[in-house]
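Reading through the structure tokens given below for one structure.
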Amino acid sequence: AHPRLYYYAGVLHYEIADLVQAEDPEQGRQLGAIALEYLHKRGGDVHPDQLPEEHQNAAVLQQTSAAAFYAAKTHSDLFQNDAGAEKWHKRAIAVEPGFLWPYISLAHLYYRHKRYQEAFRLLLHARRQKYEVR
């Protein structure tokens, strides 16, 4: 399957799981697990420098970081797995440092866990990045 399919299928499953979670938690978890499967395939565990050259263009990196961001949201929102969320937010930041949302979500996660210095350092680092509006 084309890598973009993994991204779109993962995001779609996340959004549906998020909608049904309140009424049917079990179905929400099942859909969330499917979302993670797709998003992990698209978000990958490969550092951007290790991607094949044809995959190092901006569009591919944006989609890869977005997939990692949604994987983090799935871990956090649907499974209350903050360790998984932290890992995938860091992955999104590593892939595309100019994507603002992972910084905000990760800082919020740190703040919830009273990890104030880490949140502060992360936001200082984020402030030095150049962002593209998309």
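Just so it is clear: in the sequence shown, position 86 is 79 by our numbering, and no numbers are missing. The beta carbon of each residue, even a glycine, is placed where N, CA and C say it ideally should be. This one's a predicted model, so the numbers in the text were calculated from it and none came from an experiment.
- DSSP places G77 in the uninterrupted alpha helix (DSSP H) bounded by 75 to 88.
- R(-3) is classed as exposed because its beta carbon has fewer than 16 other beta carbons within 10 Å across all chains shown.
- Between G36 and the set Q23, R84, G21, the nearest pair of CA atoms involves R84.
- Our two residues, H118 and A78, have alpha carbons roughly 19 angstroms apart in a direct line.
- Within 10 angstroms of the beta-carbon of L12 lie fewer than 16 other beta-carbons, which makes it exposed.
- Taking one beta carbon from each stretch, the stretch 84 to 93 and the stretch 107 to 114 have fewer than 3 pairs nearer than 8 angstroms; the two do not touch.
- Taking C-beta atoms as the reference points, Y31 and H6 count as a pair closer than 9 angstroms.
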